[in-house]
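Protein chains in written order, with our numbering: chain A, 1 to 129; chain B, 1 to 129.
2 protein chains.
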Amino acid sequence: MNISDVAERTGLPVKTIRYYEDIDLISPGRGANGYRQFSQADLHKLAFLGRARSLGFGIEACRSLLRLYNDQTRASADVKALAQEHLAEIDQKIAELGQMRDTLSHLIAACAGNDRPDCPILADLASDS
Amino acid sequence: MNISDVAERTGLPVKTIRYYEDIDLISPGRGANGYRQFSQADLHKLAFLGRARSLGFGIEACRSLLRLYNDQTRASADVKALAQEHLAEIDQKIAELGQMRDTLSHLIAACAGNDRPDCPILADLASDS
DNA sequence: TATAGGGGTTCCAGTTACTGGAGGGTCAAG
DNA sequence: CTTGACCCTCCAGTAACTGGAACCCCTATA
Chain A
1 MNISDVAERT
11 GLPVKTIRYY
21 EDIDLISPGR
31 GANGYRQFSQ
41 ADLHKLAFLG
51 RARSLGFGIE
61 ACRSLLRLYN
71 DQTRASADVK
81 ALAQEHLAEI
91 DQKIAELGQM
101 RDTLSHLIAA
111 CAGNDRPDCP
121 ILADLASDS
Chain B
1 MNISDVAERT
11 GLPVKTIRYY
21 EDIDLISPGR
31 GANGYRQFSQ
41 ADLHKLAFLG
51 RARSLGFGIE
61 ACRSLLRLYN
71 DQTRASADVK
81 ALAQEHLAEI
91 DQKIAELGQM
101 RDTLSHLIAA
111 CAGNDRPDCP
121 ILADLASDS
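What follows is the structure, encoded as structure tokens:
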């Protein structure tokens, strides 16, 4: 299968698939013309990667997950630990963003949003607190 | 004032302050020895930038905010619009992260986390759905 | 057979907002 | 006069792609 078919089937951009080969997440074969030839296994790996990425796992975490997936002797505890670590990062980010949202929405609510120059948003940013 | 004093007072790393000069967010003077000389206005600007960044505004948004701040004829509506745009991005990110967290936490809950290889997390990632 | 299109390939640069490090000048104190 | 803490510039690297240039390959049609 050629790269654009794979892109369509996995939902990953062509560029991303090449990139994943570049960083050795996959190693598709090559045809006589130099074109990448994707096997079902490659397809499967890419789909796996796509789902892992969509859960927010970083590339290195994806590599680890793929390694664990291919390791029949893995302990599910290792997978769980990886996922929990990632979950903690997500929770952290959500907390940070939630804090930003709260502050920002208060400021926005306090701003008249008219053609006058006085603005509590700027006032807050400029405050010496 | 020298750069490390400014760093201490604003809470910004020295490197970041130099970077902000590099991208023309500030333009401190220079002493005869080539050292940056920060005025109160520079300090104030940096503090402003620090607070805007901590609310998650991107650098270009910070530049706009600074421009609005220095423009006595601004309309608060412009500031508010900028802030609302940013708030929408934050809400979007929170929604994405929340979705990830939900999926991930379900998977984690379903995983035994022992030394057996069977793992619903990997099973989900490998699913052909 | 010439050519046009729609593939495919590599490689390089740019994105965001810094951060680390090398290599080297400057200043104040003892 | 040396030592240590500053300061400077410039280069490279981070995460995960993305866009683009320059070029090759395959197939179909005029």
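We treat Cβ as the ideally placed atom computed from N, Cα and C, and that holds for glycine. No experiment lies behind these values; they were computed from the predicted model shown.
Kindly list, in the order they appear in chain B, the residues whose Cβ is closer than 9 Å to that of residue i.
{"i": "L12 of chain A", "result": "In chain order: nothing, as chain B lies at least about 14 Å away."}
{"i": "H86 of chain A", "result": "M100 and L104"}
For residue i, which residues from the same chain have a beta carbon less than 8 Å from its beta carbon, with the 5 sequence-adjacent residues on both sides left out?
{"i": "S64 of chain A", "result": "L82"}
{"i": "L97 of chain B", "result": "none"}
{"i": "P13 of chain B", "result": "A7"}
Looking at the unbroken alpha helix (DSSP H) that takes in residue i, where does it start and where does it end?
{"i": "Q72 of chain A", "result": "Here Q72 of chain A belongs to no alpha helix (DSSP H), and DSSP marks it neither H nor E."}
{"i": "I17 of chain B", "result": "V14 to D22"}
{"i": "A118 of chain A", "result": "The question names Ala, but residue 118 of chain A in the sequence shown is Asp. Per DSSP, D118 of chain A belongs to no alpha helix (DSSP H) and is neither H nor E."}
{"i": "L130 of chain A", "result": "Not covered by the structure: residue 130 of chain A. The range shown for chain A is 1 to 129."}
{"i": "A7 of chain A", "result": "I3 to T10"}
Which bits of chain A does residue i rub up against, with CB to CB less than 9 Å?
{"i": "D118 of chain B", "result": "S76"}
{"i": "I59 of chain B", "result": "Residues of chain A passing the Cβ test: none, with the nearest at roughly 14 Å."}
{"i": "A126 of chain B", "result": "H44, A47, F48, R51 and Y69"}
{"i": "L65 of chain B", "result": "I121, L122 and L125"}
Apart from the five residues just before and just after residue i, which ones in its own chain have a Cβ nearer than 7 Å to its Cβ?
{"i": "L90 of chain B", "result": "Rather than Leu, the amino acid found at residue 90 of chain B in this sequence is Ile. Excluding sequence neighbours, I90 of chain B sits near G56."}
{"i": "L68 of chain B", "result": "R74, D78 and V79"}
{"i": "I26 of chain B", "result": "Y20, D42, K45 and L46"}
{"i": "Q99 of chain B", "result": "none"}
{"i": "I17 of chain A", "result": "I3, V6, A7 and L46"}
{"i": "R9 of chain B", "result": "L43"}
{"i": "G11 of chain B", "result": "G50"}
{"i": "F48 of chain A", "result": "L66 and Y69"}
{"i": "D22 of chain B", "result": "none"}
Report the neighbours of residue i on chain B: residues whose CB is nearer than 7 Å to its CB, in chain order.
{"i": "V79 of chain A", "result": "C111, C119, I121 and L122"}
My guess is that residue i and residue j are in contact by the Cβ rule of under 8 Å, so how many angstroms apart are they, rounded?
{"i": "S76 of chain B", "j": "P117 of chain A", "result": "7 Å"}
{"i": "H86 of chain B", "j": "A112 of chain B", "result": "With 8 Å as the limit, H86 of chain B and A112 of chain B do not qualify as a contact, their Cβ atoms being about 42 Å apart."}
{"i": "I94 of chain B", "j": "R101 of chain A", "result": "7 Å"}
{"i": "L125 of chain A", "j": "R53 of chain B", "result": "Not confirmed; about 10 Å, so no contact."}
What does residue i reach in chain B if we use C-beta pairs closer than 8 Å?
{"i": "I108 of chain A", "result": "K80, A83, Q84 and L87"}
{"i": "D91 of chain A", "result": "R101"}
{"i": "Q179 of chain A", "result": "What is shown of chain A runs 1 to 129, which leaves residue 179 of chain A out entirely."}
What does residue i touch in chain A if you count any residue whose Cβ is under 8 Å from its own?
{"i": "L97 of chain B", "result": "G56, I90, K93, I94 and L97"}
{"i": "N114 of chain B", "result": "A75, S76 and A77"}
Skipping 5 residues on each side, what residues in its chain have a beta carbon closer than 6 Å to that of residue i?
{"i": "M1 of chain A", "result": "F38"}
{"i": "A109 of chain A", "result": "none"}
{"i": "I121 of chain B", "result": "L107 and C111"}
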